[in-house]
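These protein sequences, in sequence, are chains A and B.
Going letter by letter, the first sequence gives residues 0 to 221 in numbering that gives the first Met the number 0.
Going letter by letter, the second sequence gives residues 0 to 365 in numbering that gives the first Met the number 0.
Inspection log for the structure reproduced underneath, given as structure tokens.
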Amino acid sequence: MGHAMMLCQICKANPATIHIQEIVNGERNTLHICSDCARKRNLSEDDEASSHFHEMLERLTQAIASSADLKLAELFDQKKPQEEEQVQDLDCTVCGTTFQSYKKTGKLGCASCYEQFGQLIIPELALSHHGSVHCGKTPPETVEQWQDPAVSERIRLRRELELLGKGLDESIRREEFELAAELRDKIASIEAKLSSAELIPDESASEMSEKRPRSRGRRKSS
Amino acid sequence: MIFHPRIRHIAAKGPSFIGQGPILSTFLSLSRNIDGFQFPLTASSNTLESAAELGLAALHHDEVRRLLPSMFQIKHELLTMPDRELLVELELLDRSQTGAAPCRVFVCAEDGSTSVLMNGDDHLWLHMTAAGSAFRETWDRMSTLETALARHLRFAFHPRLGYLTSSASLAGTGLRITFLIHLPALGLSGRRKRILERLEDAGLSAEPYFPVDGKAAGNLFLISNKTSLGEREEDLGLRMTELVTAISREEERTRAELISRQKLLFLNACGRAYGLLRNTYLIPTSEALDALSIMKLGADSGVFRHFTRQDWAELLLECQPAHLSCRKNMNLTPGERGEYRASCFRERLHGPEPAPDSDQADPPDS
């Protein structure tokens with residue numbers, strides 16, 4: 000149904016050509032206005048909307064920027080500041096070398112450091128070297144290590160010594176003194192076995208070709 | 000006696016690693032760690048002892064001993080500080096490895112061409128020296144030795160990162176190639192700094208051999224690779240050889256130009272250097288090295304009749320602190336060294352060397 004000819008409720012002069020229905024607090028209000036007043040009102044509403052839009056744009060821009068940073072960080076495998084702090088605290092579970100100490104000295108403590116810090120150091124290596132993939136000599140397929148039983152035995156004993164040492168510290172910490180005494184005796188026994196062998200003979204007096212390295216430990220086992 | 004007889008013996012043999020032209024020496028070192036053992040910097044003394052024992056067992060294997068028939072080994076702790084200094088001057092030990100550390104063993108060929116340090120920065124540091132530009136021959140020797148050792152020692156190796164070394168800058172091949180080069184003419188022409196700086200672009204570094212107040216005493220430089228991952232050993236060595244040879248040619252070309260354009264000044268410099276060394280009674284290392292540098296320039300150009308390039312190489316070694324102490328067989332203070340160094344020069348240059356002969360001064364290789 001069309002509206003009968005009405006005057007604009009704002010200017011009361013022009014015919015009302017725009018009819019706006021608003022529902023405020025459950026009550027329906029109808030506003031009849033002319034096009035001039037509508038334009039004026041719309042403009043002011045646009046201004047208000049515009050300021051909201053700018054705010055929204057600003058928020059959106061910030062969101063896009065932070066998401067872009069995130070994507071770039073992912074792209075270059077970089078860590079966000081908080082993660083970086085965590086990275087700085089990384090330490091090798093095998094030798095205890097920290098990533099911070101590596102950054103300071105450029106030195107790694109064991110082969111596992113390369114695995115554990117790999118994600119962080121490989122991009123660095125790629126930049127400072129000719130890429131990040133080795134090309135050059137490779138080890139032979141067969142290695143005849145551990146052939147000498149005396150050497151193998153001493154290496155085994157030294158490893159055992161280190162484990163016993165850790166066990167001794169732990170038992171003392173727990174105040175398990177009987178166990179500590181037992182471990183101490185075992186350590187002393189292994190140390191005695193190892194010290195009976197001159198492991199690294201000094202060949203200052205004779206040539207290696209004349210004297211091959213022999214140790215009392217080796218003679219014992221033969 | 001403050002020097003180990005074995006080390007004295009090598010020092011007495013003279014400068015086998017110093018050649019004749021601008022490229023004086025080639026040094027190769029290869030770093031390796033034994034698989035399953037922590038690197039020396041973090042390893043316990045038990046681990047170091049095991050690593051040294053395994054390393055020595057491999058070195059004593061018949062296959063390896065055939066390659067190094069005249070080697071001897073000394074516990075690093077038994078070497079005095081003067082011994083270690085002497086080894087550094089003989090290019091058999093790196094200066095960074097002279098400090099005390101547990102379970103280090105020094106192994107060396109009697110001819111002074113090969114040394115092995117166990118439990119330095121890495122479990123094994125294989126080092127070879129050669130006179131002149133000799134990458135290919137030296138690498139062949141090094142590679143053969145490393146292959147023989149690798150048959151009896153399992154080295155720490157990663158399929159992507161290559162040989163794992165304590166210094167990440169050596170990961171990959173573990174190879175450091177260094178050339179010792181003498182560049183006096185390029186220094187005089189003012190072009191040396193720019194040329195050496197450009198080596199950075201090729202992944203190389205140029206360091207003074209004798210740094211004194213940031214300058215290279217004796218115009219001697221060490222040119223080394225800074226990269227070891229992503230390039231085959233042979234490719235790196237040949238690329239470096241090409242670059243160093245190009246610099247050497249430029250040095251020779253500049254020398255020829257210097258002599259042809261400023262012969263009088265050149266002869267004057269040679270004569271004054273000779274006069275200084277022949278008549279000095281007290282001379283510090285850096286001054287001696289600078290004078291020796293001009294003497295070498297003169298010897299290369301045929302200015303001196305009696306002073307040969309071999310004389311120069313011997314004097315270059317003899318004037319260094321540990322060599323002076325070794326010769327005197329006693330520790331010398333810097334002042335005593337200056338005096339003794341001067342007397343060595345006077346003794347060596349007492350011969351009937353006439354004034355530099357202007358007719359003999361020819362541009363080298365021209």
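For each residue, glycine too, the CB sits at the ideal point set by N, CA and C.
It should be emphasised that the depicted structure is a prediction, and the values quoted were computed from it without experimental measurement.
{"Item": "Shortest alpha-carbon distance to residue 113 (chain A) belongs to which of B:167, B:70, B:11 and B:93?", "Value": "B:167"}
{"Item": "Tell me where the alpha helix (DSSP H) around residue 260 (chain B) begins and ends.", "Value": "232-260"}
{"Item": "How close, in whole Å, do the beta carbons of residue 20 (chain B) and residue 131 (chain B) come, if the pair is a contact with beta carbons under 8 Å?", "Value": "7 Å"}
{"Item": "Where residue 157 (chain B) and residue 171 (chain B) are concerned, what is the direct C-alpha to C-alpha distance, given to the nearest angstrom?", "Value": "9 Å"}
{"Item": "Along the region 121-149 of chain B, what residues have a CB closer than 9 Å to any CB found in chain A?", "Value": "142, 145, 146 and 149"}
{"Item": "From residue 209 (chain B) to residue 136 (chain A), what distance separates their C-alpha atoms?", "Value": "33 Å"}
{"Item": "Alpha carbon to alpha carbon, what distance is there between residue 178 (chain B) and residue 195 (chain B)?", "Value": "13 Å"}
{"Item": "In whole angstroms, what separates the C-alpha of residue 330 (chain B) from that of residue 3 (chain B)?", "Value": "14 Å"}
{"Item": "Entirely within the region 85-154 of chain B and at least 4 residues each: give me those alpha helix (DSSP H) ranges in chain order.", "Value": "134-149"}
{"Item": "Roughly how many angstroms lie between the CA atoms of residue 36 (chain B) and residue 50 (chain B), to the nearest whole one?", "Value": "7 Å"}
{"Item": "Would you list the residues sitting across from residue 220 (chain B) in a DSSP beta bridge?", "Value": "B:180 and B:207"}
{"Item": "Okay, do the region 92-104 of chain B and the region 268-279 of chain B touch, 3+ Cβ pairs below 8 Å being the bar?", "Value": "no"}
{"Item": "Can you name the start and end residues of the beta strand (DSSP E) that residue 29 (chain B) belongs to?", "Value": "22-31"}
{"Item": "Please report the distance separating the alpha-carbon of residue 321 (chain B) from that of residue 178 (chain A).", "Value": "54 Å"}
{"Item": "Taking residue 156 (chain B) as the query, report the chain A residues whose CB atoms sit under 9 Å from its CB, ordered along the chain.", "Value": "110, 133, 137 and 138"}
{"Item": "In or out: residue 129 (chain A) buried (at least 16 other Cβ within 10 Å) or exposed?", "Value": "buried"}
{"Item": "Which first and last residues belong to the beta strand (DSSP E) in which residue 73 (chain B) is found?", "Value": "70-74"}
{"Item": "Can you confirm whether residue 160 (chain A), when its beta carbon is compared against all beta carbons of chain B, has any partner nearer than 7 Å?", "Value": "yes"}
{"Item": "Taking only the alpha-carbon atoms, compute the straight-line gap between residue 311 (chain B) and residue 97 (chain A) and give it to the nearest angstrom.", "Value": "49 Å"}
{"Item": "Just checking: is the beta-carbon of residue 165 (chain B) within a distance shorter than 7 Å of some beta-carbon in chain A?", "Value": "yes"}
{"Item": "Mark residue 126 (chain B) as exposed unless 16 or more other C-beta atoms lie within 10 angstroms of its C-beta, in which case mark it buried.", "Value": "buried"}
{"Item": "Once DSSP output is grouped into helix, strand and coil, what is the label at residue 173 (chain A)?", "Value": "coil"}
{"Item": "Using a cut-off of 9 Å between C-beta atoms, extract the partners of residue 153 (chain A) located in chain B.", "Value": "48, 49 and 52"}
{"Item": "Give the straight-line distance between the Cα atoms of residue 265 (chain B) and residue 255 (chain B), rounded to the nearest whole angstrom.", "Value": "11 Å"}
{"Item": "For residue 107 (chain B), which option in B:151, B:154, B:59 and B:101 has the closest C-alpha, if you only look at C-alpha atoms?", "Value": "B:59"}
{"Item": "Any beta-carbon of chain A closer than 7 Å to the one on residue 232 (chain B)?", "Value": "yes"}
{"Item": "In terms of residues, what are the limits of the alpha helix (DSSP H) holding residue 339 (chain B)?", "Value": "333-347"}
{"Item": "In chain order, what residues of the region 89-106 of chain A put their CB closer than 8 Å to some CB of chain B?", "Value": "93, 94, 95, 96, 101, 105 and 106"}
{"Item": "Residues in its own chain within less than 6 Å of residue 336 (chain B) by CB, not counting five upstream and five downstream?", "Value": "320 and 323"}
{"Item": "Under 9 Å, CB to CB, which of the residues in the region 92-110 of chain B have a partner in chain A?", "Value": "102, 104, 106 and 109"}
{"Item": "Can you tell me whether residue 75 (chain B) is buried or exposed, with buried defined as 16 or more other CB within 10 angstroms of its CB?", "Value": "buried"}
{"Item": "Can you check DSSP and say which residues form a bridge with residue 215 (chain B)?", "Value": "B:210"}
{"Item": "Roughly how many angstroms separate the alpha carbons of residue 56 (chain B) and residue 62 (chain B), rounded to a whole number?", "Value": "11 Å"}
{"Item": "With a cut-off of 7 Å, does the C-beta of residue 124 (chain A) fall near any C-beta of chain D?", "Value": "Checking the listed chains, one finds no chain D in this structure; the protein chains it contains are A and B."}
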